[in-house]
Amino acid sequence: MTWIGTSWKMNKTLAEARAFADGLVAARSALDGVRAFVIPAHTAIAAVRERLPSDLPVLIGAQNAHWEPAGAYTGEVSMGMIADAGATLVEIGHSERRQHFGETDDTVALKVAAAVATGLTPLLCVGEPAGVRAAGGEIGWVAGQASRGLSRLPPHDLHKVVVAYEPVWAIGDRGREPLPHEIAPVMGMLAARFGPDAHDGVAAVLYGGSVNRLNAAALLGVPGTDGLFVGRAAWDVAGFVELVRIAARARHAGWRNAG
Ligand code: 13P
């Protein structure tokens, strides 16, 4: 099944979060046949969980959580706390956290293992900065980040993880939209080494970074791509639902990610 999800990053009040949730309920029929997820800020996880009927096929995630179960970590939340608030998914190692908040491959690996131990699905983000790509080093960089991020999990737990390839140069307002052929070699490597069809593979490999309604179908068509992870183009619920419909059509077209 094709995955399609959004992180709201540091956006949305509770009222805005609830309005988005109401928009998802109104678009319920569009959600069948895709694996949709929404990742609010911590403050809005419980509100979104309460607003969505439990049978609506939308996963709720958190953007980060600490690896320790409890303790003197001012400003942090634990995996258990986000699960208690309604999350079943947790984003780990997004490039903005690596860049601004000192996230390292070591803390990422601790968090991936803590998420699985808590029964959450870790959404492990990997991706090279522009300089690494300019030097032609993206395959090795991303493979290294992925294997270090997964290094604390036993092989039999790897199927509980989702990996997202998010090249830093493609993310956000200053990001550049990728062409399918630019991401294809990395997606191919991730699928072959870590993907659902690999030995002890993860559940899915997603692409993220400047996805929009015009490029989504082409990016979903890149071999090895099991879904999309979207920021700006999905912060408005109509935009998200449109991307969900595009992902559902990709499934009907019988691409590899049909699932
Ligand atoms: P944009 O889609 O806004 O580039 O953000 C992608 C992203 O970082 C998703 O987590």
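The numbering used here runs 94 ahead of the 1-based position in the sequence shown.
Every residue gets a Cβ at the ideal spot worked out from N, C-alpha and C, and that includes glycine.
Since we're looking at a predicted model, the values are computed, not measured.
For this session: Enumerate, from N- to C-terminal direction, the unbroken beta strand (DSSP E) stretches of 3 or more residues contained entirely within the region 282–344.
Result: 298–302 and 321–324
Exercise. Where does A352 sit, in a helix, a strand or coil, going by DSSP?
Worked result: One-based indexing of the sequence shown puts residue 352 at position 258. In this prediction, A352 scores a pLDDT of 42, lower than 50, which makes its location untrustworthy; the coordinate-derived value is nonetheless stated afterwards. Helix, per DSSP.
Problem set entry | Local Cβ density within 10 Å of F334, reported as buried at 16 or more and exposed below that | Numbered from its first residue, the sequence shown carries residue 334 at position 240. It is buried - the Cβ of F334 has at least 16 other Cβ atoms within 10 Å.
Exercise. Quick one: what's got a C-beta closer than 7 angstroms to P279's C-beta in the same chain, skipping five residues either side?
Worked result: Residue mapping note: residue 279 aligns to position 185 of the sequence shown, counting from 1. Taken in chain order, the residues that qualify are I233.
Problem set entry | Nearest-angstrom Cβ-Cβ length linking V184 and L214, presumed shorter than 8 angstroms | Residue mapping note: residue 184 aligns to position 90 of the sequence shown, counting from 1. Residue mapping note: residue 214 aligns to position 120 of the sequence shown, counting from 1. That pair is a contact at about 5 angstroms.
Exercise. Under a three-way DSSP split, which group does F114 fall into?
Worked result: To locate residue 114, count along the sequence shown from 1; it is residue 20. F114: helix per DSSP, three-state reduction.
Problem set entry | DSSP state of I154 mapped onto helix, strand, coil | Taking the sequence shown and counting its residues from 1, one reaches residue 154 at position 60. Three-state DSSP puts I154 in a strand.
For this session: Say yes only if the C-beta of H194 is nearer than 7 angstroms to one or more non-hydrogen atoms of ligand 1, and no if none qualify.
Result: Sequence index remark: in the sequence shown, residue 194 carries index 100 (1-based). H194 Cβ: outside cutoff for every heavy atom of ligand 1.
Problem set entry | Extent of the continuous alpha helix (DSSP H) run through V210 | Along the sequence shown, read from residue 1 onward, the residue named residue 210 stands at position 116. Looking at the DSSP string, the run of the alpha helix (DSSP H) that includes V210 is D199 to A211.
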